[in-house]
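*Asks:* Each residue of the sequence shown is one higher than the last, beginning at 9 in my numbering.
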Amino acid sequence: MVSRLAHLIRLDGYFCSMAWVLAVLIFINRLSAMAKLFMALYLRQTLGLPFETVGWLLSGYGAGLLIGSMGGGVLSDHFSTARLTALLLFASVWILLLLGLVTDVPWLAGLLLFSGVLDGAIRTLHQRLILEYCHVERRARAQSLSRVAINLGMAIAGVMGGVLAQVDFRWVFFVSSAMTLLALVWFVRSTIHRDVLMSDVVSAVPLDAGSLFQDRPFLWLLAASGLLGLAFEPVYSMLGNYLLDYYRLGAEGVGWQFALNALLVVLLQIPLSHCSESWGARRQLLAGAFLLAFGLGVLPLGSGILFVCLSTVVWTVGEILFMPTLNVLVMQRAQVGRSGLYFGLFSMCWGMSALLSPILGGQLYGHFGGHSVWIASTLLAIFSMPLIYQATRPCLRPVIKSSLKSETAT
């Protein structure tokens, strides 16, 4: 299977050239995420701030993500997506540099809020760049390639940031700033002479500004993604402490679970996406939601490092199936309306899950024990499945280009 996939990529243009450009961009950008990975440790260990202050500062970054996700999408409806992306990357260079120099809490709060706005907007604009520069039949593959680049970048960022932090925490921010500058140069050089592709899909009937909120499949998709986000996000906010408390794993064992997750995405995202293309969006999402529910739901039933690894494999395969497919479906709906608003609402919905999940998960963990978190995640993933079914019903609005079948057939 791998050799056949390699043959397709090499000879048949499996990925469009812009997919590689955007994948390299997001890879370099994720290398700069080491600043966010080590922010909590920097605030606590180097600056000596109390836990309460650290929590408020990081929540400011989360609030910025929500603002930026929506704001970036809306702005892209009125300005060039490529120019906006370049401008935001340029601003990020300076914000990361200042984060390594500023020590006053009020200034740090403002910088983290602004940093969250920039990161949220860049993530939304990245989805629109795929829509604008990749042919319709290549967009699902571009999503998979970006997922590989994101996870590979994050894995390297964790190792690189750990090494730099041992020398001086400030170098984490300085190198992150340099990586963002490199991403900016790469993006400008790659897109300056490249034309935006015309949309392959048009609406049969002109849409007014309020049509988005009458788009029932998209609203169902937002609801489903919100539940999936709430089910999935405890992996990052609760799993580490849970494995320490209930499985008696050390920090190294917990770290290996996240490394295993990233490695599986890097190795399996493209092959699994290729093999599941013929399933259609509905089956991919339903299978992903089921595997997420099963992989997290079995955690209270087992013990030992091997059981945890098996659980990680199962929910990671679920993540591989549903993550890029959600973005592809948003692209399908966005083409007939205000694309930036569609992407902004979707990113904001997922970001809201990331903001609420630690709060709700912490309450469950504190009052009912760690097992309750994964029972709740399982139920949320299962409850998302009827919403997925509604979101992927055959589109009532006729579209042009039968090539959409490869991405969104149900």
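Ideal Cβ placement from N, Cα and C applies to all residues, glycine included. Bear in mind the structure is a predicted one, so any value in this text is a computation, not a measurement.
#1: Which complete alpha helix (DSSP H) runs does the segment 132-214 hold, if anything under 4 residues is left out?
#2: Quick one: residues in its chain with C-beta nearer than 6 Å to the C-beta of I75, no 5 flanking neighbours on either side, listed in chain order?
#3: Have a look at V29 and D127 and give me their C-alpha separation to the nearest angstrom.
#4: Which residue marks the beginning of the alpha helix (DSSP H) containing Q292, and which one marks its end?
#5: Using only alpha-carbon positions, find the residue among G326, V62 and Y250 that is nearest to D112.
#6: Using the Cα positions of S11 and L368, report the straight-line distance between them to the nearest angstrom.
#7: Can you tell me the Cα-Cα spacing of Q222 and L116, whole angstroms?
#8: Between the alpha carbons of Y255 and I313, how many angstroms are there, rounded?
#9: With contact counted as at least three CB pairs below 8 Å, one residue from each stretch, are the segment 92-105 and the segment 174-189 in contact?
#10: Can R155 and M26 be called in contact, C-beta distance under 8 Å?
#11: Taking the alpha-carbon of R341 as reference, which of L272, F181 and Q135 has the nearest alpha-carbon?
#12: With three or more beta-carbon pairs closer than 8 Å as the criterion, would you say the segment 269-289 touches the segment 149-168?
#13: If contacts are defined as beta-carbon pairs under 8 Å, then Y244 and V381 qualify, I think. What distance do you get, rounded to the angstrom?
#14: Exposed or buried, which one is P366 when buried takes at least 16 other CB atoms within 10 Å?
#15: Taking 8 Å as the limit between beta carbons, can you name the residues of its chain near S319, skipping five residues before and five after?
#16: Would you kindly work out how many angstroms separate the C-alpha atoms of H375 and G79, rounded to a whole number?
#17: Given that a residue counts as buried once 16 or more other Cβ atoms are within 10 Å of its Cβ, and exposed if not, what is I130?
#18: What is the residue span of the alpha helix (DSSP H) that R256 lies within?
#19: Considering only the alpha carbon of each residue, which of G237, F298, G377 and M168 lies closest to V325?
#20: Compare the C-alpha of Q371 against each of A384, S233 and G56 and name the closest.
#21: Below 6 Å CB to CB, which residues in the same chain sit around G169 once its five sequence neighbours on both sides are set aside?
#22: Using the Cα positions of C357 and G56, report the straight-line distance between them to the nearest angstrom.
#23: Let's test the definition: count the other Cβ atoms within 10 Å of the Cβ of L329 and tell me whether it reaches 16, buried, or not, exposed.
#24: Would you report the Cα separation of V322 and A173, rounded to the nearest angstrom?
#25: To which residues of the same chain is S392 closer than 6 Å at the C-beta, ignoring the five residues directly before and after it?
#26: Given L293, which residues of its chain have a CB within under 6 Å of its CB, disregarding the five upstream and five downstream residues?
#27: Taking C-alpha atoms, which residue in I34, L65 and F35 lies nearest to L49?
#28: Just how far apart, CA to CA, sit L378 and I390?
#29: Contact defined as beta carbons within less than 8 Å: I believe L107 pairs with S123. What is the distance between those atoms, to the nearest angstrom?
#30: Given this structure, state the Cα-to-Cα distance separating S77 from L96, to the nearest angstrom.
#31: Kindly indicate which three-state DSSP category E285 falls into: helix, strand or coil?
#32: So G166 and L120 are supposed to be a Cβ contact under 8 Å. How far apart are they, rounded?
#33: What residue range does the alpha helix (DSSP H) around R224 cover?
#34: If you scan the segment 343-396 from start to end, which runs of the beta strand (DSSP E) of 3 or more residues do you find wholly inside it?
#35: Only counting the same chain, and skipping five residues up and downstream in sequence, which positions put a Cβ closer than 6 Å to that of S40?
#36: Can you tell me where the alpha helix (DSSP H) holding R401 begins and where it ends?
*Replies:* A quick look at the data gives this:
#1: Entirely contained in the segment 132-214, the alpha helix (DSSP H) runs reaching 4 residues are, in chain order, 147-175 and 177-199.
#2: Excluding positions up to five away in sequence, the list reads V125.
#3: Put simply, the backbone Cα of V29 is about 19 Å away from that of D127.
#4: That run of the alpha helix (DSSP H) goes A289 to G305.
#5: Looking from the CA of D112, the closest CA among G326, V62 and Y250 belongs to V62.
#6: Interpretation of S11 is limited by its pLDDT of 46, a score under 50 that renders its predicted location unreliable; the figure taken from the coordinates is listed afterwards. Distance between the alpha carbons of S11 and L368 is about 45 Å.
#7: Approximately 41 Å between the Cα atoms of the pair.
#8: Spanning the two alpha carbons is a distance of roughly 8 Å.
#9: Short answer: they touch.
#10: Between R155 and M26, the gap from beta carbon to beta carbon reaches 8 Å or more.
#11: The residue with the shortest Cα to Cα distance from R341 is Q135.
#12: Flag = yes, the segment 269-289 and the segment 149-168 touch.
#13: In this structure Y244 does not touch V381 by the C-beta definition: roughly 12 Å separates them, more than the 8 Å allowed.
#14: Answer is buried; the Cβ neighbour count reaches 16.
#15: Taken in chain order, the residues that qualify are G303, L304, V306, L307 and G310.
#16: Roughly 37 Å between the two C-alpha positions.
#17: In this structure I130 is buried. Its beta-carbon is surrounded by 16 or more other beta-carbon atoms within 10 angstroms.
#18: For R256, no alpha helix (DSSP H) encloses it, and the DSSP letter there is neither H nor E.
#19: Of the listed residues, the one whose Cα sits closest to V325 is F298.
#20: Nearest of A384, S233 and G56 to Q371, Cα basis: A384.
#21: Closer than 6 Å at the Cβ level, and outside the excluded window around G169, lie M42, L45, F46 and V180.
#22: A straight line joining the alpha-carbon of C357 with that of G56 spans about 34 Å.
#23: Around the beta carbon of L329, 16 or more other beta carbons sit within 10 angstroms, so the residue counts as buried.
#24: So the alpha carbons of these two residues sit roughly 33 Å apart.
#25: Scanning its chain for C-beta atoms nearer than 6 Å, with the 5 sequence neighbours on each side dropped, one finds around S392 the residues A232, L235, L236 and A297, in chain order.
#26: Cβ contact annotation for L293 (same chain, cutoff 6 Å, sequence separation greater than five): F330, T333 and I396, in chain order.
#27: Sorting I34, L65 and F35 by C-alpha distance to the C-alpha of L49 places L65 at the top.
#28: Position check: residue 378 holds Gly in this sequence, whereas Leu was assumed. Between the alpha carbons of G378 and I390 lies a distance of about 19 Å.
#29: Their Cβ separation, rounded to whole angstroms, is 7 Å, which keeps L107 and S123 in contact under 8 Å.
#30: If I take the Cα positions, the gap works out to 13 Å.
#31: In the three-state reduction of the DSSP assignment, E285 falls in the helix class.
#32: Not really, about 20 Å apart at Cβ, beyond 8 Å.
#33: Taken as a continuous stretch (DSSP letters only), the alpha helix (DSSP H) holding R224 covers R224 to F240.
#34: The beta strand (DSSP E) runs of length 3 or more contained entirely in the segment 343-396 do not exist; there are none.
#35: Beyond the five residues adjoining it in sequence on each side, S40 comes within less than 6 Å, by CB distance, of S184, M187 and T188 in the same chain, given in chain order.
#36: That residue, R401, is in no alpha helix (DSSP H); it is neither H nor E in DSSP.
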